[in-house]
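Numbering (the working numbering), first residue to last: 2 to 398.
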C-alpha cells in the first residue's frame with residue numbers, strides 16, 4: 002500500500018455563512034433512516050440547553066435527512082449517555098449546561114480514547130478564544146450561527162473525502178474480518194501493511210498531521226486545523242486497532258512473544274493519544290493569551306518540559322527552530338529536553354549548535370562540561386564522557 006505524505010487539508014471543517022437557514026416548514030415528511038450510504042451521518046444525538054436552538058437545529062438536520070436519537074441538556078447527561086451507549090455523531094450546541102463546552106469535548110475524547118466520534122459544534126459564539134478551545138479539545142466540525150443548509154450538509158458526512166487514510170481504514174476492516182474468520186496469516190499481513198513505516202519520527206504520519214494542525218492554529222486557519230487534527234486522530238486510532246489486531250492474530254497462532262510486543266505497541270499509541278490531547282490544551286492557552294510571543298513553540302516546549310513531557314517538548318523545540326533557526330537559547334532548551342528524554346548524543350549535538358551560535362552562553366558551557374568533562378574552548382568535538390555518573394543517573398531514572 003502506498004503511504005501518504007500529509008498534504009494541506011482543504012475541508013469546510015469550520016464554516017460561517019451570512020445567510021440565514023431556511024425557515025422550518027410546517028409539513029413533516031417521512032424521515033429516512035439516514036442519508037444515502039456513505040454520504041450523510043446516521044442517527045445523531047443533540048446536546049443543548051436552549052429550546053430555541055434545539056428546535057432550529059433539529060428541523061434543519063431533519064431537512065437534510067438526519068434522524069435524531071435523543072436530546073440531552075447537560076454535560077453530565079452527555080457523559081452518562083456516552084458511557085452506556087454507542088454513538089457515531091453528536092451535535093453540540095454552544096449552550097450546554099454543566100461545564101464549558103471545550104471541557105465537555107475534552108472529557109468525551111478522554112473517555113472514548115481512540116474510538117471515532119463525529120462531534121460537530123453549532124455555536125452562537127464566534128469569539129476566537131472559544132473557537133480555539135473547541136478545536137484543541139477535539140471537535141470534528143465547527144459551524145457558527147447563522148448558517149445555511151449547504152453549510153450543514155458539508156459537515157454532515159459519514160467520511161471525509163477519499164484519501165490514503167481511508168484506504169488504510171478499509172484495509173483495517175479487511176484485517177478484522179480475516180481475524181474473525183481465524184485466518185491469522187492474512188490478518189497479520191493486512192495489519193502489518195497498515196503500520197509499516199510507523200517506526201520513527203521521519204515516517205510518523207500522525208505526528209506530521211498533528212504538527213500541521215498546530216501551525217494552522219497558530220496561523221488562525223481554524224478550519225484547516227480541525228481537519229489536520231482529525232486526521233492525526235484517525236491515524237492514531239488506525240494504528241491502535243492495527244496493533245491490537247496483530248496482537249490477537251499472533252495469539253491465535255500461539256506466538257505469545259509477538260502478542261506481548263504488539264500489545265505494548267498499542268499501549269504506546271494510546272499513551273501518545275493522551276499526550277497529543279494534553280499538548281493541544283497547553284498550546285491553546287499559549288496561542289490565546291500569548292499571541293505576541295516571539296516563538297509560541299518555544300513557550301510550548303518550556304511548558305512541556307516543566308510537565309516532564311520530554312518527548313513532546315523535543316518536538317516543540319524542533320518546530321521552534323523552524324521559525325528561529327539562529328536562536329541559541331532554543332538549542333539550549335532542546336538539549337535539556339533531549340537530555341531528560343535520554344537522547345544524550347542528540348543533546349550534545351544541540352549544545353554544540355548553541356555554543357557555535359554563542360560561545361559565551363554560560364549555561365550551555367556548563368552543560369557541555371557536564372556531558373564531556375572538558376571545557377568547550379579546550380575541545381569542541383569531545384564525545385559524551387564515559388563513566389558519567391550524572392547522565393547514568395538520568396538514564397536509570
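Quick reminder that beta carbons are idealized off the backbone N, C-alpha and C, glycines included.
| Asked | Found |
| --- | --- |
| Mapping DSSP to helix, strand and coil, what is residue 44? | coil |
| Roughly how many angstroms lie between the CA atoms of residue 352 and residue 136, to the nearest whole one? | 36 Å |
| Is DSSP giving residue 169 helix, strand or coil here? | helix |
| In whole angstroms, give me the CA-to-CA distance for residue 297 and residue 112. | 29 Å |
| Helix, strand or coil: which one does DSSP assign to residue 124? | strand |
| Alpha carbon to alpha carbon, how far is residue 221 from residue 132? | 10 Å |
| Distance, Cα to Cα, residue 58 vs residue 80? | 21 Å |
| Counting beta carbon pairs with one atom in the segment 62-71 and one in the segment 95-111, are three or more of them shorter than 8 Å? | no |
| Could you tell me whether the segment 76-92 touches the segment 254-263, using the rule of 3 or more Cβ pairs below 8 Å? | no |
| Rounded C-beta distance between residue 110 and residue 138? I'm assuming under 8 Å. | 7 Å |
| Am I right that residue 250 and residue 192 are in contact with their C-beta atoms under 8 Å? What's the rounded C-beta distance? | 7 Å |
| Measuring alpha carbon to alpha carbon, tell me which residue in 144, 76, 92 is nearest residue 46. | 92 |
| Mapping DSSP to helix, strand and coil, what is residue 32? | Annotation note: pLDDT 28 at residue 32 (below 50); position unreliable, no value reported. |
| Which residues in the same chain as residue 335 place their Cβ atom closer than 6 Å to its Cβ, once the five residues preceding and following it in sequence are excluded? | 318, 351 |
| Rounded to whole angstroms, what is the Cα-Cα separation between residue 262 and residue 380? | 43 Å |
| For the segment 242-291, list the alpha helix (DSSP H) runs that are entirely contained and at least 4 residues long, ordered along the chain. | 257-290 |
| For the alpha helix (DSSP H) that contains residue 355, what are its first and last residues? | 345-358 |
| Given residue 333, which residues of its chain have a CB within under 8 Å of its CB, disregarding the five upstream and five downstream residues? | 351, 352, 355, 362, 364, 365, 368 |
| Would you call residue 179 buried or exposed, if buried means 16 or more other Cβ atoms sit within 10 Å of its Cβ? | buried |
| Restricting to Cα atoms, I'd like to know which of 373, 50, 126, 63 is closest to residue 74. | 50 |
| Should residue 388 go down as buried or exposed, given a rule of 16 or more other Cβ atoms within 10 Å for buried? | exposed |
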